[in-house]
Amino acid sequence: MQKREELYAGKAKSVYLTDDPDRLILEFRDDTSAFDGEKVEQLARKGMVNNYFNVFIMDRLAEAGIPVHVEQRLSDTQAVVKKLAMIPVECVVRNIAAGSLCRRLGVQEGMDLNPPTFELFLKNDALHDPMINESHVETFGWAKPAQLARMKQLTFQVNDVLKQLFADAGMLLVDYKLEFGVFKGEIVLGDEFSPDGCRLWDAQTREKLDKDRFRQGLGGVVEAYEEVAKRLGIDLPQ
Ligand code: ADP
Ligand code: UDP
C-alpha cells in the first residue's frame, strides 16, 4: 500500500490518503491537546502508545462482532483504516460521573451512574463541541434516525465489552467518546479508543490513568497510558 498526500491534520492525528480509495493511513502524533486546543504539548512516545492501544482495543471489539475501521498496524505510529464518511457526532457513555457531567449537573465526581448515561456532542471546535440531542441530529441531517440508533446500540455494546476487559485488568472504565462513520452503507466505529478519549481509574485506588492527568497537570501522563497498556498485556516497543 502506497502512502499518498495528507488529507487532514487534526489535533492529535494526521490522516493520509493511500493508493486504495477505500483505505487511509492514520498517524498518531505526540501532540496532546485539551480545552479545545488551548493547552497543547508534545509528550514523547504518546503517539506510539496510542497507536498500539487503539489497534489492540479495536481488535478486541472486532472479535466481539463490532464493525471497526482498523485493518492493521502499519508502523509504531501508523495504522491502515477503512476510509469512512465521518458522522460529526460524538457518542459518550458514562459509567461513573466525571468531567463535564459534574460541571453541568453539579453531581459529585465518582458517583456510580446506573444505568449508564448516553450523550451526544457535535464535533465542532469553533462551537466547542456543544451537547446536542437526537432531534438535532435528525433535523440538521448529521445522521439518519436509523444510523443514530445503530450508533447508540454499538456504543453500548462497546461498553459491555470494554467494561469487562478493563475490570479484568484492575481498572474502571469511567466514560469514553466514540466516533462513527459510514463505509459501503454500514455504520462503522472510527477514530480511536485510547486513554486520550476515555477515563480509566485504578479499581482499588481510583488513581486517574487517562488524559485527565494532562488536563489537570498531574504529570506522568504517558507513564499512566503505558501502565494501562501493560495491564492489558499490550507489548510496547522499548
Ligand atoms: P480532531 O479532528 O478532533 O482534531 P484528530 O487529531 O484525532 O481529531 O484527527 C483525526 C481525524 O480523523 C478526526 O477528525 C476523525 O474524525 C477523522 N477520522 C478518524 N478515523 C477516520 C476514518 N476511518 N476515515 C475518515 N476519517 C477518520
Ligand atoms: N472526550 C473526547 N473528546 C472530546 C470530548 C470528550 O475524547 O472532544 C472524552 C473525554 O476524554 C471523556 C469523555 O469523552 O472520556 C467525556 O468527556 P466530558 O464530556 O466529561 O468532557 P471534558 O471534561 O473532557 O471536557
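Under full-length UniProt numbering, the residue at position 182 of the sequence shown is numbered 182, and the numbers go up by one with no gaps. In this text, a Cβ means the ideal position worked out from N, Cα and C, and glycines have one as well.
Taking 8 Å as the cut-off, the beta carbon of M171 is found closer than this to the beta carbon of D202.
Residue pairing from DSSP places V70 in a beta bridge opposite V81. In the three-state reduction of the DSSP assignment, D175 falls in the strand class.
With 16 or more other CB atoms across the displayed protein chains lying within 10 angstroms of its CB, Q78 is buried. Placement of the Cβ of L209 at a distance of 7 Å or more from every heavy atom of the ligand UDP is found.
Looking at the backbone, the Cα of M1 and that of P21 are separated by about 11 Å.
No heavy atom of the ligand ADP is found nearer than 7 Å to the CB of D112.
At the C-beta level, M151 and C91 come within 8 Å of one another. Annotation: the continuous beta strand (DSSP E) that includes T32 extends over D31 to A34. Within its own chain, the residues whose Cβ lies closer than 6 Å to the Cβ of F28, once the five positions on either side in sequence are excluded, are K13, G47, N50, N51 and T77, listed in chain order.
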